[in-house]
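Remarks on the structure that follows.
In my numbering, the protein residues as written are 94 to 446.
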């Protein structure tokens, strides 16, 4: 009986005292994908970021992510080589990037993606810059000459660092360049358990508080100095943050936006994993216009099926470049897409919103 009690005691201590450690394995790799839920409405005013410290429980189960203001997007992680702004575009040098994430900036346009270039290794994750590909986007040439360090590895409770960075972007709406210098202070200020907006409890959570303080060469609304607070909740057993709260500029209390990430890891759902690095389908879910990126392999055939396996349409041929796929004629729902090349194929779920 004493032995059983001691085992339970040590097990409980381990649950209470274990401190999550983030490493390179806790961030995304090429071909990973996530669903990103973003919420920005006045109901956030009733929430706080919670407390810092050990063995905390952060409960956001009452945060309504079914609100009409919530947007859902698919974020795809790509090899920068082959993306439209790599390695250099105008003054923006992204040549050192080894990971790029792609997010759709306009759900109603098939060609409106934001390419975000990063550098990651076993020691750290840094942001280099971004550039949207749509002609109507206002920000051009965004890049850091002195990279913005986002994370260090390994990173655990009470670890911290302060990084300096320099950044430039051109604002097309105002026809002026912005030269920014700043500091990024990052602290792991708590660990414990997270209760997500859909009610799931996740243990081994590390909370990270980041404060970005910048000075802009151009005055914006009479202000050229501002701070940005963000809180991130990472799991020791997952890639990327699970939950994030973004505060209003120069405000450390009032929540502006909430972000909830769900990893879908597209290549893990593909049949025929030998092709997982050859084809990427995005955005998924989408409004009817999709893009298939194929790295140097010609697609011979694409077939669309409904959720019950009934054949709908075949499409051919495709080029060696990224190809647009217009399925806007189909009603919203779940479909299956089958891509064939070189006598091999993969099948993947496709969601039309």
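Positions of the beta carbon are idealized from the N, C-alpha and C atoms, including for glycine.
Does the Cβ-Cβ distance between residue i and residue j come in under 8 Å?
i: residue 341; j: residue 328; result: no
i: residue 112; j: residue 250; result: yes
i: residue 151; j: residue 139; result: no
i: residue 168; j: residue 195; result: yes
i: residue 211; j: residue 193; result: yes
i: residue 462; j: residue 141; result: Residue 462 lies beyond the range of the chain shown here (94 to 446); nothing can be said about it.
i: residue 123; j: residue 170; result: yes
i: residue 379; j: residue 127; result: no
i: residue 304; j: residue 319; result: no
i: residue 292; j: residue 148; result: no
i: residue 297; j: residue 330; result: yes
i: residue 420; j: residue 381; result: yes
i: residue 430; j: residue 395; result: yes
i: residue 397; j: residue 375; result: no
Please state whether DSSP places residue i in a helix, a strand or coil.
i: residue 139; result: helix
i: residue 117; result: helix
i: residue 332; result: coil
i: residue 149; result: strand
i: residue 340; result: strand
i: residue 183; result: coil
i: residue 369; result: Per-residue confidence for residue 369 stands at a pLDDT of 41, beneath the threshold of 50, marking its modelled position as unreliable; the derived number appears in the next sentence. Three-state DSSP puts residue 369 in coil, outside helix and strand.
i: residue 250; result: coil
i: residue 225; result: strand
i: residue 234; result: strand
i: residue 218; result: strand
i: residue 166; result: strand
i: residue 433; result: strand
i: residue 278; result: strand
i: residue 112; result: coil
i: residue 393; result: coil
i: residue 154; result: coil
i: residue 310; result: strand
i: residue 305; result: strand
i: residue 123; result: coil
i: residue 346; result: coil
i: residue 406; result: strand
i: residue 380; result: coil
i: residue 189; result: coil
From this set, the options, which residue's C-alpha is nearest residue i's C-alpha?
i: residue 282; options: 131, 167, 302 and 331; result: 302
i: residue 117; options: 190, 215, 286 and 432; result: 215
i: residue 392; options: 384, 206 and 294; result: 384
i: residue 218; options: 399, 407, 264 and 209; result: 209
i: residue 255; options: 233, 279, 332 and 264; result: 279
i: residue 155; options: 174, 443, 259 and 288; result: 288
i: residue 158; options: 355, 300 and 257; result: 355
i: residue 189; options: 206, 276, 213 and 207; result: 213
i: residue 197; options: 226, 422, 424 and 290; result: 226
i: residue 351; options: 125, 153 and 265; result: 153
i: residue 336; options: 343, 268 and 130; result: 130
i: residue 321; options: 265, 298, 293 and 275; result: 275
i: residue 457; options: 344, 293 and 220; result: Residue numbering for the chain in the displayed model covers 94 to 446; residue 457 lies beyond these limits and cannot be assessed.
i: residue 268; options: 298, 376 and 311; result: 311
i: residue 338; options: 300, 374 and 375; result: 300
i: residue 160; options: 206, 137 and 423; result: 137
i: residue 263; options: 243, 294, 146 and 222; result: 222
i: residue 423; options: 432, 417, 406 and 433; result: 406
i: residue 353; options: 119, 290 and 343; result: 290
i: residue 347; options: 135, 119, 404 and 121; result: 135
Who are the near neighbours of residue i in its chain, counting only those whose CB is closer than 7 Å to its CB and skipping five residues on each side?
i: residue 309; result: 271, 273 and 317
i: residue 247; result: 114, 115 and 116
i: residue 345; result: 322
i: residue 294; result: 286 and 288
i: residue 243; result: 218, 219 and 220
i: residue 191; result: 173, 212 and 213
Ignore the nearest five residues each way along the sequence and tell me which others in residue i's own chain have a CB closer than 8 Å to its CB.
i: residue 182; result: 224 and 234
i: residue 184; result: 234, 236 and 261
i: residue 433; result: 392, 393, 394, 395 and 396
In chain order, what residues of the same chain have a beta carbon less than 6 Å from the beta carbon of residue i, not counting five sequence neighbours either side?
i: residue 257; result: 276
i: residue 179; result: 173 and 187
i: residue 408; result: 395
i: residue 479; result: It is not possible to answer for residue 479, since the shown part of the chain is limited to 94 through 446.
i: residue 206; result: 195, 197 and 226
i: residue 121; result: 170, 332 and 333
i: residue 145; result: 282 and 283
i: residue 343; result: 319 and 320
Against chain C, does residue i count as a neighbour if the rule is that its beta carbon must be under 8 Å from one of theirs?
i: residue 274; result: Absent from the structure is chain C; it holds one protein chain and no more.
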